[in-house]
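**Q** As they're listed, the protein sequences go chains A and B. Per numbering that gives the first Met the number 0: the first sequence = residues 0 to 406. Per numbering that gives the first Met the number 0: the second sequence = residues 0 to 406. Yeah, the Cβ is synthetic: ideal placement off N, Cα and C, and Gly gets one too. Attaching a single structure in structure tokens format; questions to follow.
Protein chains: 2
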Amino acid sequence: MTNERHAGKNKRESILKKDQFYLPEGVIYLDGNSLGPMPKAASSRVNKTVEDEWGEMLIKGWNDAGWMKQPSILGDKIGKLLGCAAGSTVLGDTLSVKVYQALAAALAMRPDRKIVLSDSGNFPSDLYIADGLLRTLKSGHELRVVAPEDVYDNITEDVAVVMLTQVDYRTGRMHDMNALTKATHDVGAVSIWDLAHSAGAVPVDMAASNAEFAVGCTYKYLNGGPGAPAFIYIRPDIADSVEPSLAGWLGHAQPFAFDLDYRPAPGIERMRVGTPPILQLAALETALAIWDGVSMDDVRAKSIALSELFIEGVEATCSQLKLISPRDSSQRGSQISFAFEHGYPAMQALIAAGVIGDFRAPDTMRFGFTPLYLDENDVKRAVEILADIMKNDTWKQPRFQKKGDVT
Amino acid sequence: MTNERHAGKNKRESILKKDQFYLPEGVIYLDGNSLGPMPKAASSRVNKTVEDEWGEMLIKGWNDAGWMKQPSILGDKIGKLLGCAAGSTVLGDTLSVKVYQALAAALAMRPDRKIVLSDSGNFPSDLYIADGLLRTLKSGHELRVVAPEDVYDNITEDVAVVMLTQVDYRTGRMHDMNALTKATHDVGAVSIWDLAHSAGAVPVDMAASNAEFAVGCTYKYLNGGPGAPAFIYIRPDIADSVEPSLAGWLGHAQPFAFDLDYRPAPGIERMRVGTPPILQLAALETALAIWDGVSMDDVRAKSIALSELFIEGVEATCSQLKLISPRDSSQRGSQISFAFEHGYPAMQALIAAGVIGDFRAPDTMRFGFTPLYLDENDVKRAVEILADIMKNDTWKQPRFQKKGDVT
Numbered sequence: 000m001t002n003e004r005h006a007g008k009n010k011r012e013s014i015l016k017k018d019q020f021y022l023p024e025g026v027i028y029l030d031g032n033s034l035g036p037m038p039k040a041a042s043s044r045v046n047k048t049v050e051d052e053w054g055e056m057l058i059k060g061w062n063d064a065g066w067m068k069q070p071s072i073l074g075d076k077i078g079k080l081l082g083c084a085a086g087s088t089v090l091g092d093t094l095s096v097k098v099y100q101a102l103a104a105a106l107a108m109r110p111d112r113k114i115v116l117s118d119s120g121n122f123p124s125d126l127y128i129a130d131g132l133l134r135t136l137k138s139g140h141e142l143r144v145v146a147p148e149d150v151y152d153n154i155t156e157d158v159a160v161v162m163l164t165q166v167d168y169r170t171g172r173m174h175d176m177n178a179l180t181k182a183t184h185d186v187g188a189v190s191i192w193d194l195a196h197s198a199g200a201v202p203v204d205m206a207a208s209n210a211e212f213a214v215g216c217t218y219k220y221l222n223g224g225p226g227a228p229a230f231i232y233i234r235p236d237i238a239d240s241v242e243p244s245l246a247g248w249l250g251h252a253q254p255f256a257f258d259l260d261y262r263p264a265p266g267i268e269r270m271r272v273g274t275p276p277i278l279q280l281a282a283l284e285t286a287l288a289i290w291d292g293v294s295m296d297d298v299r300a301k302s303i304a305l306s307e308l309f310i311e312g313v314e315a316t317c318s319q320l321k322l323i324s325p326r327d328s329s330q331r332g333s334q335i336s337f338a339f340e341h342g343y344p345a346m347q348a349l350i351a352a353g354v355i356g357d358f359r360a361p362d363t364m365r366f367g368f369t370p371l372y373l374d375e376n377d378v379k380r381a382v383e384i385l386a387d388i389m390k391n392d393t394w395k396q397p398r399f400q401k402k403g404d405v406t
Numbered sequence: 000m001t002n003e004r005h006a007g008k009n010k011r012e013s014i015l016k017k018d019q020f021y022l023p024e025g026v027i028y029l030d031g032n033s034l035g036p037m038p039k040a041a042s043s044r045v046n047k048t049v050e051d052e053w054g055e056m057l058i059k060g061w062n063d064a065g066w067m068k069q070p071s072i073l074g075d076k077i078g079k080l081l082g083c084a085a086g087s088t089v090l091g092d093t094l095s096v097k098v099y100q101a102l103a104a105a106l107a108m109r110p111d112r113k114i115v116l117s118d119s120g121n122f123p124s125d126l127y128i129a130d131g132l133l134r135t136l137k138s139g140h141e142l143r144v145v146a147p148e149d150v151y152d153n154i155t156e157d158v159a160v161v162m163l164t165q166v167d168y169r170t171g172r173m174h175d176m177n178a179l180t181k182a183t184h185d186v187g188a189v190s191i192w193d194l195a196h197s198a199g200a201v202p203v204d205m206a207a208s209n210a211e212f213a214v215g216c217t218y219k220y221l222n223g224g225p226g227a228p229a230f231i232y233i234r235p236d237i238a239d240s241v242e243p244s245l246a247g248w249l250g251h252a253q254p255f256a257f258d259l260d261y262r263p264a265p266g267i268e269r270m271r272v273g274t275p276p277i278l279q280l281a282a283l284e285t286a287l288a289i290w291d292g293v294s295m296d297d298v299r300a301k302s303i304a305l306s307e308l309f310i311e312g313v314e315a316t317c318s319q320l321k322l323i324s325p326r327d328s329s330q331r332g333s334q335i336s337f338a339f340e341h342g343y344p345a346m347q348a349l350i351a352a353g354v355i356g357d358f359r360a361p362d363t364m365r366f367g368f369t370p371l372y373l374d375e376n377d378v379k380r381a382v383e384i385l386a387d388i389m390k391n392d393t394w395k396q397p398r399f400q401k402k403g404d405v406t
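If you want it as structure tokens, here you go:
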């Protein structure tokens, strides 16, 4: 530990893996919190899967290319970044489906309680999924959505499940996972954490948190590519007693026995549902290889340094923009958001100038800080370009006013 | 119609698209009912998505490369092959997830009935999913599984949903979709068809069947690649009243408004859940392009011709193999199965000799017939090789006895 600390500066520098990612010429990418960039190794790896595996092996790829095991092998690589025990994390489906699986399982663990507690800073899909599940159950459950700062006080003894996203997708505000999980357990409720904006962004220790479930996606800070599968973690001591709602054949104890009756596979494997997306997993494999040996503490330190540099620069040069992320770096994840009434055209102007962030209605300009492929010079340059746009009112140009389908 | 019939022979010949698929040298591929082969265009198309779209466009790919619309655009291409109205089919997730969505929605349409009727010829995952949903609901539902030949007589007035796979994955036996759907509707129940072994294999007319729901996968006869997403169809007149159980954000009326409340998108779009798998969709796009303009009637005629040729050849030369598919071609899909006590090693020996079929426990050797890339010579050669293996007891060699993980 002493040695590690001693070597801190060098280690932090070594986490810059810019040479392993492809970034278009002239682009400063501050949207890795939405979709991470392409690892340079991705295209040849995916090509290998298409031509040498699918093309040459055909159906035999399931065994000979190891396709069937990819969700567990890569799941473990993600688990390792999140402090999950080996064999407790598996990949598949999308985050929304994984939220459904976790919540259905958690509710089944507390049949006498009817409240699901969440907050208005949760990603809307998590709330929609909870709402859809409760409407499907028709069992008198209630989804109680409170303000993020009121969560703690609303963890009461009638709550079955506390379902939260650790890092707010709008502001980057970060919940105290360990404290809230402890409060959840103190009232006998079950804890589910959505780590979409945490995985690869901030240090997480699932084992230490003692939470029962975690879910997340792999196309943000983990850089798995558009539509990369989601992950789900179940605390090992309860995994064998979890009842799968989505009882698909690949979560069966013996999928290829083709029994008519469902028997869940041991442990986390029961959270697998259907055929895994092999091309997506190939891309994700290259992204996760970059994370091998990377210390999340080093990522965190660098993320804070870059974020502080950005806040300082923007506040010094863009008085129209108001910081809405927590100013205290320990209270936020790896993104910085500013409110600006004309945030949409301003972001379009910024993107046109090569600095890619994104916009969230009604007025939020979001910027993600991703130490694997961003350095101080990128951040300084991004500030300069943003300052120039604000100073010159570039965003007022009509071409930046037109709304796209997706931001 | 007269002209079409007149031109029948030429049209049937024109459906052979062998030049558009990659097949390894010396391989006769009779397992397209499990995983279709790679379209030659797939690798460059996927590479374009990885390098030119993900790599160059980054987050902008969702709009600029049209990623967000792919599930609907490609869904419609599949719908067209299945007699679905435009705008009634969408892609996403896996078949097991789509079964769950359809069954949950169907049950919500008949709240006073508690029976889900299916059969023992259904793919096990469909039964597992039903079982998992009913256990999640805890509402006193019963999954009633009868023999395939007993389905008709068990469609009674207490049945809420009849959920069947049209073509039996083991034997190729095919249900009469229109007759069973009519019987289902006559008792006021809701009809769900799994078309996993139908799509791209046999003519289906969803509109004519009047069934409410259909689901299926795209990696079998449609050749979408390992882990290609599934599809779901809802009859257009009821789609707007279907309640999504998996209420994910991409099925929301305005996903990017980030409202806290869920409002389903109009029509079939509400069956979308989370972020679509863009690399898989790129591969699938090339596979579906090959189907453009292909007549399913022509595919069917050729499939029957190839199947008959195979049955005739095998029965003339391999007396140990017993046909377990229906002998009447109108009663089966596009696969032929034979029972053989030593089917596992026999299939391994056959695969080693370049003829790839597959094995399903306890004793079924399965062979799929896929007119897009198989011709009469392939079938004759496959018969010769199989006959040789049976005549020489090649399968008795120890190297063919060892069981793999997946067959």
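Provide the residue(s) that pair with residue 214(A) in DSSP beta bridges, ordered along the chain.
**A** To locate residue 214(A), count along the first sequence from 1; it is residue 215. The partner list for residue 214(A) (beta bridge, DSSP) reads 193(A) and 231(A).
**Q** Along chain B, which residues have their Cβ under 7 Å away from the Cβ of residue 134(A)?
**A** What you label residue 134(A) is simply residue 135 of the first sequence in a count that begins at 1. Neighbours of residue 134(A) on chain B, chain order: 242.
**Q** What are the boundary residues of the beta strand (DSSP E) that includes residue 367(A)?
**A** Here residue 367(A) corresponds to residue number 368 of the first sequence, with the count starting at 1. Here the beta strand (DSSP E) through residue 367(A) covers 363-367.
**Q** If you drop the 5 nearest sequence neighbours on each side, which residues of the same chain put their C-beta closer than 8 Å to that of residue 330(A)?
**A** By 1-based counting over the first sequence, the position of residue 330(A) is 331. The residues are 172 and 173.
**Q** Report the residue from 346(B), 236(B), 286(B) and 322(B) whose alpha carbon sits nearest the alpha carbon of residue 21(B).
**A** As a position in the second sequence, residue 21(B) is number 22, starting the count at 1. With distances taken between Cα atoms, residue 21(B) lies closest to 286(B).
**Q** So, does the CB of residue 224(A) fall closer than 8 Å to a CB anywhere in chain B?
**A** Taking the first residue of the first sequence as position 1, residue 224(A) is located at position 225. Closer than 8 Å: yes.
**Q** State the DSSP-derived secondary structure class of residue 278(B), mapped to helix, strand or coil.
**A** The residue given as residue 278(B) occupies position 279 in the second sequence. Three-state result, residue 278(B): helix.
**Q** Contact criterion: CB-CB distance below 8 Å. Does residue 30(A) meet it with respect to chain B?
**A** Walking along the first sequence from the start, residue 30(A) turns up at place 31. Judged by the 8 Å Cβ criterion, residue 30(A) is in contact with chain B.
**Q** Could you check which residue in 368(B), 238(B) and 327(B) has the C-alpha nearest to that of residue 89(B)?
**A** The count along the second sequence starts at 1 and reaches residue 89(B) at position 90. The shortest C-alpha separation from residue 89(B) is found at 238(B).
**Q** Cα-Cα, which of 202(B), 362(B) and 245(B) is closest to residue 169(B)?
**A** Taking the first residue of the second sequence as 1, we reach residue 169(B) at position 170. Looking at the Cα atoms, 362(B) is the closest of the given residues.
**Q** In chain order, what residues of the stretch 18-42 of chain A put their CB closer than 7 Å to some CB of chain B?
**A** For the stretch 18-42 of chain A, which is checked against every Cβ of chain B, the residues closer than 7 Å are 21, 23, 28, 30, 33, 34, 36, 37, 41 and 42.
**Q** Name the two residues that bound the continuous beta strand (DSSP E) containing residue 161(A).
**A** Locating residue 161(A) in the first sequence gives position 162, where the first residue counts as 1. 158-164 is the extent of the beta strand (DSSP E) around residue 161(A).
**Q** With 8 Å set as the bound, which would you pick, yes or no: does the beta-carbon of residue 357(B) sit closer than that to a beta-carbon of chain A?
**A** Counting from one through the second sequence, the residue named residue 357(B) turns up at place 358. Yes, its Cβ sits closer than 8 Å to a Cβ of chain A.
**Q** Could you spell out where the alpha helix (DSSP H) holding residue 418(A) opens and where it closes?
**A** This structure leaves residue 418(A) out entirely; chain A is present only between 0 and 406.
**Q** Taking one C-beta from the stretch 75-92 of chain B and one from the stretch 231-248 of chain B each time, how about it: are there three or more such pairs within less than 8 Å?
**A** Segments in contact, yes.
**Q** Where does residue 79(A) sit, in a helix, a strand or coil, going by DSSP?
**A** The count along the first sequence starts at 1 and reaches residue 79(A) at position 80. It is helical.
**Q** Identify the residues that DSSP records as bridge partners of residue 23(A): which are they?
**A** As a first step, residue 23(A) must be located in the first sequence, where it is residue number 24. None; residue 23(A) has no bridge partner.
**Q** Which of the residues in the stretch 258-290 of chain A, read from start to end, lie with their CB under 7 Å from any CB of chain B?
**A** Flagged, chain order: 258, 259, 261, 272, 273, 274, 275, 276, 277, 278, 279 and 282.
**Q** My output table needs one value for residue 373(A): the three-state DSSP class, helix, strand or coil.
**A** Translated into positions along the first sequence, residue 373(A) becomes position 374. Residue 373(A): coil per DSSP, three-state reduction.
**Q** Distance check for residue 57(B) and residue 32(A), CA to CA, integer angstroms please.
**A** The count along the first sequence starts at 1 and reaches residue 32(A) at position 33. The count along the second sequence starts at 1 and reaches residue 57(B) at position 58. Going by the C-alpha atoms only, they are around 12 Å apart.
**Q** For residue 298(B), collect the residues of the same chain with a Cβ closer than 7 Å to its Cβ; drop the 5 residues on either side in sequence, then sort them by chain order.
**A** For the purposes of this step, residue 298(B) is identified with residue 299 of the second sequence, where counting begins at 1. Closer than 7 Å at the Cβ level, and outside the excluded window around residue 298(B), lie 14 and 370.
**Q** In chain order, what are the residue ranges of uninterrupted alpha helix (DSSP H) at least 4 long that sit wholly in the stretch 88-172 of chain B?
**A** Counting whole runs of 4 or more residues, the stretch 88-172 of chain B contains the alpha helix (DSSP H) stretches 94-108, 123-136 and 150-153.
**Q** With 8 Å as the threshold, decide whether the Cβ of residue 103(B) is near any Cβ in chain A.
**A** Position 104 of the second sequence, counted from the first residue, corresponds to residue 103(B). Yes, its Cβ sits closer than 8 Å to a Cβ of chain A.
**Q** Please state whether DSSP places residue 257(A) in a helix, a strand or coil.
**A** Counting from one through the first sequence, the residue named residue 257(A) turns up at place 258. Residue 257(A) falls in the coil class under three-state DSSP.
**Q** Would you please state the rounded distance, in angstroms, between the beta carbons of residue 102(A) and residue 81(A)? I believe it to be under 8 Å.
**A** Translated into the one-based positions of the first sequence, residue 102(A) becomes position 103. Translated into the one-based positions of the first sequence, residue 81(A) becomes position 82. Incorrect: roughly 19 Å between the Cβ atoms, too far for contact.
**Q** Can you name the start and end residues of the alpha helix (DSSP H) that residue 44(A) belongs to?
**A** Indexing the first sequence from 1 puts residue 44(A) at position 45. Segment 41-46, the alpha helix (DSSP H) holding residue 44(A).
**Q** So residue 83(A) and residue 162(A) are supposed to be a Cβ contact under 8 Å. How far apart are they, rounded?
**A** Along the first sequence, one-based indexing puts residue 83(A) at 84. Along the first sequence, one-based indexing puts residue 162(A) at 163. About 18 Å separates the two Cβ atoms, so there is no contact after all.
**Q** Just to make sure I have the definition right: I need the residues of chain B whose C-beta is within less than 7 Å of the C-beta of residue 256(A). Which are they?
**A** In the first sequence, the residue the question calls residue 256(A) occupies position 257. What residue 256(A) touches in chain B: 360.
**Q** What is the DSSP secondary structure of residue 209(B), counted as helix, strand or coil?
**A** Numbered from 1 along the second sequence, position 210 holds the residue referred to as residue 209(B). Coil.
**Q** May I have the straight-line CA-CA distance separating residue 156(A) from residue 213(A), to the nearest angstrom?
**A** Counting from 1 along the first sequence, the entry for residue 156(A) is found at position 157. Counting from 1 along the first sequence, the entry for residue 213(A) is found at position 214. Near 22 Å, if we compare the C-alpha coordinates of residue 213(A) and residue 156(A).
**Q** Quick one: list the residues of chain B neighbouring residue 46(A), beta-carbon separation under 7 Å, in chain order.
**A** Here residue 46(A) refers to the residue found at position 47 of the first sequence. Going along chain B in sequence order, the residues near residue 46(A) (Cβ under 7 Å) are 42 and 46.
**Q** What is the rounded straight-line gap between the Cα of residue 104(B) and the Cα of residue 293(B)?
**A** Walking along the second sequence from the start, residue 104(B) turns up at place 105. Walking along the second sequence from the start, residue 293(B) turns up at place 294. Approximately 33 Å between the Cα atoms of the pair.
**Q** Can you check whether the C-beta of residue 123(B) is within less than 8 Å of a C-beta belonging to chain A?
**A** The residue you call residue 123(B) lines up with position 124 of the second sequence. Output row for residue 123(B): interface = yes.
**Q** Alpha carbon to alpha carbon, how far is residue 167(A) from residue 334(A)?
**A** On the first sequence, residue 167(A) is found 168 positions in, with the first residue counted as 1. On the first sequence, residue 334(A) is found 335 positions in, with the first residue counted as 1. Approximately 9 Å between the Cα atoms of the pair.
**Q** Please go through the same chain and pick out, in chain order, the residues whose beta-carbon is closer than 8 Å to the beta-carbon of residue 451(A), but skip the five residues on each side of it.
**A** This structure cannot speak to residue 451(A), because chain A is shown only from 0 to 406.
**Q** Is any beta-carbon of chain B found at less than 8 Å from that of residue 251(A)?
**A** Translated into the one-based positions of the first sequence, residue 251(A) becomes position 252. Yes, its Cβ sits closer than 8 Å to a Cβ of chain B.
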